[in-house]
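Residue numbering for the sequence shown follows the numbering used here, beginning at 219 and increasing consecutively. Ideal placement from N, C-alpha and C gives every residue a C-beta, glycine not left out. Some notes on the structure that comes next.
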Amino acid sequence: MSELTTIARPYAKAAFDFALENAAVEKWTEMLNFAAVVVDNEKIRSFLTGSFSAQKIADSFISVCGEQLDQYGQNFIRLMAENKRLTVLPAVFQQFCAYVEEHNAVTEVQVISAHPLNAVQEQKIAVAMEKRLARKIKLNCSTDSSLIAGVIIRTDDFVIDGSSRGQLTRLASELQL
């Protein structure tokens with residue numbers, strides 16, 4: 219099974235990147251799902267492993283899929299047929315779905331401020347963090363009066379300390395050198 223995953227991963231990644239770039243993730247999910255179901259048919263699977271040319275296999279597969287595949291989906295099928303990889307389409311679909319789930323994941327961002335933030339400030343932080351992390355975020359805001367002023371923003375990966383207390387701590391450590 220790990221061999222199938224290894225073979226499927228670059229195809230799924232390329233399809234996902236293309237779909238994301240063209241705002242067509244849902245369409246690609248539908249196309250790959252349909253193609254994976256077609257491959258699971260015993261007669262189709264035996265045809266795919268037959269001794270036909272890659273072009274014949276691709277053309278036949280595309281005709282079976284009909285209007286379920288757009289021009290980019292058809293090109294994807296042709297590429298996989300040329301590389302004799304159409305039988306791994308179910309694994310490509312699974313890996314593609316994993317990329318979609320990872321992309322749609324929501325990251326929790328903890329925001330600690332000296333004073334309560336208003337809606338505009340929260341929105342600005344949310345937009346900036348979504349841009350920086352390249353994913354959706356959920357803000358968890360709290361207050362800590364010991365910060366004096368400013369905010370501390372934390373995720374699993376990093377901390378941004380924009381508080382006055384943090385600046386004073388850094389200044390103190392610099393002066394002790």
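Confirm the yes/no value for this check: CB of residue i, any heavy atom of the ligand SAH, distance under 6 Å.
{"i": "K356", "result": "Ligands are entirely absent from the displayed structure, and the ligand SAH is therefore not among its contents."}
Which whole-angstrom value describes the C-beta separation of residue i and residue j, a residue pair presumed to lie in contact below a C-beta threshold of 8 Å?
{"i": "Q313", "j": "A230", "result": "4 Å"}
{"i": "A386", "j": "S331", "result": "Residue 386 is actually Leu in this sequence, not Ala. Contact flag wrong, Cβ pair sits at about 16 Å."}
{"i": "I378", "j": "L357", "result": "With a Cβ gap of about 13 Å, I378 and L357 do not count as contacting."}
{"i": "R263", "j": "T305", "result": "6 Å"}
{"i": "L250", "j": "H321", "result": "15 Å between Cβ atoms; not a contact."}
{"i": "T247", "j": "V318", "result": "6 Å"}
Tell me which residue opens and which closes the beta strand (DSSP E) that residue i is part of.
{"i": "F327", "result": "In the sequence on display, residue 327 carries Val and not Phe. Segment 324-331, the beta strand (DSSP E) holding V327."}
Could you spell out where the alpha helix (DSSP H) holding residue i opens and where it closes?
{"i": "V306", "result": "It is not in any alpha helix (DSSP H) - V306 carries neither H nor E in the DSSP assignment."}
{"i": "D258", "result": "Taken as a continuous stretch (DSSP letters only), D258 belongs to no alpha helix (DSSP H), as it is neither H nor E."}
{"i": "S180", "result": "Given that the chain is displayed from residue 219 to residue 395, the structure contains no residue 180 and the question cannot be resolved."}
With distances taken Cα to Cα, identify the nearest neighbour of residue i among the options.
{"i": "L307", "options": "I343, G291, N358, E320", "result": "G291"}
{"i": "T267", "options": "K245, R303, L335, A390", "result": "R303"}
{"i": "V324", "options": "V338, I280, I355, S382", "result": "I355"}
{"i": "H333", "options": "E340, M347, T361", "result": "T361"}
{"i": "F252", "options": "E348, S281, F236, N301", "result": "S281"}
{"i": "L351", "options": "D374, F294, C315", "result": "D374"}
{"i": "L222", "options": "S269, A309, C359", "result": "A309"}
Buried or exposed for residue i, please, with buried defined as at least 16 other CB atoms from any protein chain shown within 10 angstroms of its CB.
{"i": "V256", "result": "buried"}
{"i": "V369", "result": "buried"}
{"i": "S382", "result": "exposed"}
Runs of alpha helix (DSSP H) wholly within the stretch 333-385 (minimum 4 residues, chain order): 337-351
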